[in-house]
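Chains as they are written, first to last, in full-length UniProt numbering: chain X, 1 to 251; chain B, 1 to 251; chain E, 1 to 304; chain S, 1 to 304.
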Amino acid sequence: MKERVDMTILSVKEIALDTMEMTLHHPYIAAAAKPGQFLYVLAEGHTLRRPISIASIDSEQETVTILFKIIGDGTRCLARLKPGMTLDTVGPSGNGFALQETSLQTALLIGGGIGVPPLYGLAHALHEQGVNVKTILGFQSKAHVFYKERFERIGQTYVVTDDGSLGHHGLVTDIVDEAGEFDYYFSCGPVPMLKAVTHQLQDQPGSISLEERMGCGTGACLACMIRDDSASGYKKICSDGPVFGANGVIL
Amino acid sequence: MKERVDMTILSVKEIALDTMEMTLHHPYIAAAAKPGQFLYVLAEGHTLRRPISIASIDSEQETVTILFKIIGDGTRCLARLKPGMTLDTVGPSGNGFALQETSLQTALLIGGGIGVPPLYGLAHALHEQGVNVKTILGFQSKAHVFYKERFERIGQTYVVTDDGSLGHHGLVTDIVDEAGEFDYYFSCGPVPMLKAVTHQLQDQPGSISLEERMGCGTGACLACMIRDDSASGYKKICSDGPVFGANGVIL
Amino acid sequence: MTNLAVDLPGLRLKNPVMPASGCFGFGREYSDFYDLNKLGAVIMKAATGEARLGNATPRVAETASGMLNAIGLQNPGVEQIIASEVSFLEGYHVPVVANVAGSTIQEYVTVAEAFNKTPSVSALELNISCPNVKEGGIQFGSDPDMAAKVTEHVKAVSHLPVYVKLSPNTSDIVAMAKAVEQAGADGLSMINTLTGMQIHLASQKPTLANKTGGLSGQAIKPVAIRMIYAVKPHISIPIIGMGGIAEAEDVLEFMLAGASAVAVGTANFTNPYTCPEMINRLPGVLQQYGYESVQDAIGRGHNE
Amino acid sequence: MTNLAVDLPGLRLKNPVMPASGCFGFGREYSDFYDLNKLGAVIMKAATGEARLGNATPRVAETASGMLNAIGLQNPGVEQIIASEVSFLEGYHVPVVANVAGSTIQEYVTVAEAFNKTPSVSALELNISCPNVKEGGIQFGSDPDMAAKVTEHVKAVSHLPVYVKLSPNTSDIVAMAKAVEQAGADGLSMINTLTGMQIHLASQKPTLANKTGGLSGQAIKPVAIRMIYAVKPHISIPIIGMGGIAEAEDVLEFMLAGASAVAVGTANFTNPYTCPEMINRLPGVLQQYGYESVQDAIGRGHNE
Ligand SMILES: Cc1cc2nc3c(=O)[nH]c(=O)nc-3n(C[C@H](O)[C@H](O)[C@H](O)COP(=O)(O)OP(=O)(O)OC[C@H]3O[C@@H](n4cnc5c(N)ncnc54)[C@H](O)[C@@H]3O)c2cc1C
Ligand SMILES: Cc1cc2nc3c(=O)[nH]c(=O)nc-3n(C[C@H](O)[C@H](O)[C@H](O)COP(=O)(O)OP(=O)(O)OC[C@H]3O[C@@H](n4cnc5c(N)ncnc54)[C@H](O)[C@@H]3O)c2cc1C
Ligand SMILES: Cc1cc2nc3c(=O)[nH]c(=O)nc-3n(C[C@H](O)[C@H](O)[C@H](O)COP(=O)(O)O)c2cc1C
Ligand SMILES: Cc1cc2nc3c(=O)[nH]c(=O)nc-3n(C[C@H](O)[C@H](O)[C@H](O)COP(=O)(O)O)c2cc1C
Ligand code: FES
Ligand code: FES
């Protein structure tokens with residue numbers, strides 16, 4: 001069950017170009033959070049909260065870590081926060097990746113840009129379950145790359161960049177064949193990437209995590225709907241998602 | 001000439017109920033400021049600046065001190081600022097008390113509530129010029145009283161409170177006769193008080209400092225006008241004032 | 001003891017605070033955060049005759065002290081709402097207000113009739129001011145004659161009190177208010193959203209897929225206060241005030257302007273606990289400014 | 001090199017940024033802060049036939065991301081303005097736009113005639129949208145026929161180009177725009193303030209002595225953008241955009257919506273250096289979003 005809490009900021013640092021890592025302390029959130037869920041955080045002076053994925057969870061330290069890219073006013077404001085201050089958060093929000101249901105051997109994770117963070121917590125959790133994790137990470141350029149070494153510690157990791165400044169020059173989809181066999185895939189990133197990925201892997205089971213502009217972040221306002229084939233014709237990303245079966249929604 | 005500067009906050013403390021004292025460092029402002037002028041300060045997230053009088057000036061330390069009462073969102077926001085932070089200020093704004101023109105022996109200062117601060121810097125300056133300064137200070141209650149001892153160090157000081165919890169129980173005007181002879185008076189406080197004071201002292205020369213809600217704070221928008229007998233029929237408090245001859249404007 | 005109760009046509013409110021239509025769904029989601037029994041009433045999301053899927057996304061954008069939305073009246077249709085949503089709200093002791101929308105007068109009438117057959121609905125709010133649909137909605141709300149017509153037709157089939165929700169996108173709000181009172185409205189809801197737009201610089205396109213959206217939140221409070229203050233002396237039916245309410249102080253400001261109760265929309269998004277926190281603080285705020293009851297404050301900003 | 005220049009009827013602007021009428025007086029005060037030659041043009045405070053003292057104080061109030069004002073057209077009268085204010089502005093190399101107001105059509109005509117005899121005035125801005133005076137102002141601005149009539153009369157006596165300043169307090173801004181274009185307007189200024197009110201809790205009265213005031217500042221930007229975007233495809237005269245502009249990014253947003261130049265009002269109060277800072281940043285912002293000139297960006301938000 002999500003709650004509104006003030007999380008204590010333990011650290012804030014820039015880990016790649018315009019990309020911040022923030023570690024937050026809160027016993028309840030750290031205990032309840034699952035990979036793929038998000039925090040719905042308030043940047044002071046703003047009307048709408050910002051959804052930011054939980055990138056990793058440390059239940060012993062009672063912390064969660066988020067990674068975010070500075071793209072506008074809200075994230076700029078978050079980046080200015082200092083350790084010791086608090087962050088007004090509604091969380092853990094949404095439904096995370098379904099881990100227990102998948103008794104899998106090898107998982108392929110495909111992340112693009114700021115879609116990478118939720119995959120890190122997932123990779124970690126899968127790895128702990130003994131799953132063989134392979135990851136393809138796409139970034140704009142070398143300067144934007146983060147968490148490469150961390151993923152490498154978990155399993156085979158491919159990096160691609162739009163400009164070729166690090167790893168393969170091109171798109172994540174270029175690498176999928178090279179990455180070889182897997183039982184299940186997980187993907188998170190911009191919609192064009194997700195479209196390409198789900199198209200390429202249409203015959204494989206997988207999950208994707210979606211983004212949309214949100215109002216309430218809790219399922220009440222219908223701002224964040226995505227069409228599907230169900231009777232109602234839609235799902236709500238904030239409360240039914242953000243994780244969906246790869247072929248369960250109409251991108 | 002006023003400028004827009006970022007002043008460094010050296011200290012913020014509560015000196016009476018809901019009343020804050022803030023000392024700010026800035027070489028230019030400290031050099032240029034005169035008693036009776038104000039700082040036009042920006043509270044973050046606000047559209048309009050807040051006018052706050054300069055209460056005292058320390059030209060050696062290059063600081064000025066302001067005193068303000070927390071009455072709404074803007075002053076609440078200012079009260080939360082911490083030493084080391086900066087305050088976005090346009091100043092020194094307006095015209096201060098005319099000191100040089102008055103070759104006086106004894107001055108009577110009459111201040112009410114948050115109209116007291118500008119009189120402190122004035123008292124100090126007059127005292128340094130060798131003028132005998134007598135002061136009548138009115139406050140809501142004992143809890144609201146501030147700077148009593150400082151004024152007492154400068155000259156004879158009478159305190160009145162609305163509820164009688166300190167000093168005389170009543171109004172500043174009750175004490176004016178008791179305070180005895182003076183050549184010139186200076187008054188600052190709420191308009192009803194200023195009306196009473198200027199009426200009671202209509203045959204005496206004096207200056208008053210006025211308040212009004214401001215837009216530009218610089219004379220351009222005409223938000224802060226006060227009627228007078230001049231050809232144009234008005235004066236602007238932010239740029240022609242806030243100090244006016246006691247009988248020069250129509251309260 | 002400060003008395004928060006207000007009696008309005010069809011609505012005995014234990015306090016004057018209710019969530020605004022469309023900002024609270026049918027209550028389910030917020031019931032995870034707090035006990036809905038704390039609320040004065042619940043105003044449900046708009047219902048239309050049939051299910052609607054609404055507009056394409058993005059449907060919301062943030063603006064200075066506000067937001068734009070273009071949900072487009074997405075809802076499962078009136079029958080489904082009665083079957084699964086009203087029944088959920090029956091579990092609480094709060095009056096339920098049904099927000100009624102449509103593309104034609106007939107659709108408004110059909111929806112109104114359905115809610116009239118639902119005992120747990122206490123009042124109707126006629127949404128003639130939705131700026132985010134191509135047909136109906138604001139069309140009815142920008143012309144006093146049309147507004148009167150739809151009000152009359154709904155009143156003709158409704159034993160439930162009818163509150164007509166006015167649009168601020170008009171040059172003469174008083175004329176609109178008078179027209180719907182004349183047509184039989186039992187109360188007014190003011191205001192719906194102002195039509196607005198944001199252009200996304202990187203994509204060179206409006207941020208919202210629908211291009212325009214409704215502006216809500218604190219940014220519009222001065223417009224709401226002004227319209228309620230302007231309308232109040234000209235009508236004798238009560239006003240439910242809304243538009244930018246975020247604090248208990250705002251509730252009092254709306255009361256002084258002439259509202260008898262208030263609805264809170266956008267502020268629920270900023271803080272899901274806005275309504276109960278506001279209700280808790282309201283007695284203190286009323287006392288601070290010298291009121292012993294909510295009733296006492298209504299319209300007091302009109303005293304000279 | 002990013003080209004900031006824009007050519008409008010009567011106005012060769014080296015950059016598209018000018019201070020908005022009423023928020024900059026006649027330039028004197030801001031000339032203490034910076035060199036007025038940096039500006040694209042200066043739009044002067046409204047002029048009427050005779051001197052006016054305006055409304056009682058308080059005349060301004062702060063709102064969420066905005067402010068209310070009810071100055072009430074205080075000004076020394078057109079002759080005095082020409083004698084002492086225009087002559088001051090002649091010392092700078094910036095086009096001067098005169099904002100023309102009045103209680104009657106005859107007063108508008110008188111003021112327009114006087115400015116037409118003043119060589120250093122480059123254009124007129126017809127203020128038919130001031131919400132803060134009892135007569136004239138917004139009366140002319142809320143009815144398309146009246147707006148057309150005052151435009152025609154002023155055009156008949158004016159060799160200077162006439163920009164008509166529209167009020168957002170209308171349900172049909174496109175009709176207003178078309179009516180004044182038809183009547184001969186050379187350009188539009190959009191938008192003036194939205195009518196609003198604030199009630200002061202402690203005094204139980206409206207904060208402003210005039211009760212209502214005009215809402216300006218960032219809060220109203222979405223309304224301005226939407227109105228400019230709505231009007232643009234229906235007219236062929238240029239639009240000077242305004243309403244909540246505070247950053248160079250806002251200038252671009254207005255251009256994309258369809259404005260050819262912009263005016264900055266309230267933001268001057270928050271930061272007296274807003275205009276020159278915005279002008280300095282504008283080339284960088286245009287480049288960031290792929291534009292080589294201001295001209296390039298105008299109306300580009302309409303591309304599909
Ligand atoms: C479920 C979910 C998880 C996310 N996880 C992350 C993450 O871990 N790290 C990260 O950097 N970003 C993440 N995002 C995107 C992040 O929410 C936006 O980058 C952020 O809201 C931008 O805010 P801003 O104020 O800086 O940008 P602005 O563009 O100024 O924001 C304006 C408005 O648009 C919304 N908005 C803008 N971009 C997005 C977007 N891509 N998705 C949703 N709303 C948006 C903002 O929330 C705000 O309401 C996630 C989004 C979703 C939906
Ligand atoms: C020349 C001058 C000197 C002043 N010096 C001092 C001082 O030294 N210490 C002090 O405590 N106060 C002083 N004031 C009053 C001070 O400006 C207000 O108390 C302050 O602006 C309130 O801001 P707020 O946001 O807390 O209140 P709010 O009521 O929330 O403010 C809302 C708006 O009203 C304006 N406002 C409210 N009250 C006043 C007022 N009395 N005068 C002018 N504007 C007002 C605010 O600036 C703001 O724009 C002075 C005012 C003037 C005009
Ligand atoms: C996301 C959203 C959805 C809305 N949906 C409806 C609706 O279905 N019916 C309606 O009458 N008003 C609807 N409104 C308008 C609100 O009920 C309210 O009138 C308006 O938002 C002003 O109040 P606020 O500033 O407190 O949000 C909606 C507003 C928002 C923000
Ligand atoms: C204090 C003040 C005075 C104004 N006076 C005038 C005026 O005299 N004539 C006019 O056409 N508009 C006047 N306006 C409106 C502005 O020119 C502008 O259209 C409006 O404020 C919106 O722009 P902004 O949000 O940038 O302030 C005034 C606005 C303010 C805030
Ligand atoms: S953001 Fe409101 S339903 Fe998802
Ligand atoms: S505040 Fe603008 S003229 Fe004084």
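Note that the Cβ used here is the ideal one computed from N, Cα and C, for glycine as well.
Just so we're clear, the structure is a prediction, and the values are computed from it rather than from any experiment.
Take residue i and list the residues in its own chain whose beta-carbon comes closer than 6 angstroms to its own, dropping the five residues that flank it on each side.
i, result
"residue 79 of chain B", "20, 70"
"residue 255 of chain E", "297, 298"
"residue 291 of chain E", "297"
Determine, using beta carbons only, whether residue i comes closer than 8 angstroms to chain E.
i, result
"residue 249 of chain X", "no"
"residue 124 of chain S", "no"
Would a check of beta-carbon distances place residue i closer than 8 angstroms to chain S?
i, result
"residue 120 of chain B", "no"
"residue 222 of chain E", "yes"
"residue 244 of chain E", "yes"
"residue 232 of chain B", "yes"
"residue 213 of chain B", "yes"
State the start and end residues of the unbroken alpha helix (DSSP H) segment that holds residue i.
i, result
"residue 46 of chain B", "Residue 46 of chain B -> no alpha helix (DSSP H), and no H or E assigned at all."
"residue 199 of chain X", "191-200"
"residue 153 of chain E", "144-157"
"residue 148 of chain B", "148-154"
Answer yes or no: does any C-beta atom of chain B fall closer than 8 angstroms to that of residue i?
i, result
"residue 281 of chain S", "no"
With the cut-off set at 8 angstroms, would you say residue i and residue j are in Cβ contact?
i, j, result
"residue 194 of chain E", "residue 223 of chain E", "yes"
"residue 124 of chain S", "residue 163 of chain S", "yes"
"residue 107 of chain X", "residue 74 of chain X", "no"
"residue 97 of chain S", "residue 43 of chain S", "yes"
"residue 172 of chain X", "residue 112 of chain X", "yes"
"residue 48 of chain X", "residue 67 of chain E", "yes"
"residue 260 of chain E", "residue 239 of chain E", "yes"
"residue 17 of chain S", "residue 279 of chain S", "yes"
"residue 174 of chain X", "residue 140 of chain X", "no"
"residue 55 of chain X", "residue 121 of chain X", "yes"
"residue 86 of chain B", "residue 8 of chain B", "yes"
"residue 119 of chain X", "residue 188 of chain X", "yes"
"residue 52 of chain X", "residue 30 of chain X", "no"
"residue 111 of chain S", "residue 160 of chain S", "no"
"residue 241 of chain X", "residue 210 of chain X", "yes"
Step through the CB atoms of chain C and report whether any lies within less than 8 angstroms of the CB of residue i.
i, result
"residue 197 of chain E", "The structure shown has no chain C; the protein chains it does contain are X, B, E and S."
Is the CB of residue i under 8 angstroms away from at least one CB in chain X?
i, result
"residue 67 of chain E", "yes"
"residue 104 of chain E", "no"
"residue 269 of chain E", "yes"
Go through its chain and collect everything with a Cβ distance to residue i's Cβ below 8 angstroms, but skip five positions before and after it.
i, result
"residue 46 of chain E", "21, 22, 73, 75, 99, 100, 101, 127, 130"
"residue 155 of chain B", "123, 127, 132, 133, 134, 135"
Give every residue of the same chain whose Cβ lies closer than 7 angstroms to the Cβ of residue i, excluding the five residues on either side of it in the sequence, and list them in chain order.
i, result
"residue 105 of chain S", "149, 150, 153"
"residue 49 of chain S", "77, 78, 102, 107, 110, 111"
Residue i lies in the beta strand (DSSP E); which residues open and close that run?
i, result
"residue 227 of chain B", "225-227"
*Could I get the ranges of all uninterrupted beta strand (DSSP E) runs contained in the region 61-144 of chain X, with 3 residues as the minimum, in chain order?*
63-69, 86-93, 106-112, 132-139
*Report the residue ranges of all alpha helix (DSSP H) runs contained in full by the region 150-230 of chain S; include only those spanning at least 4 residues, in chain order.*
Restricted to the region 150-230 of chain S, the alpha helix (DSSP H) segments that are unbroken, complete and at least 4 residues in length are 173-182, listed in chain order.
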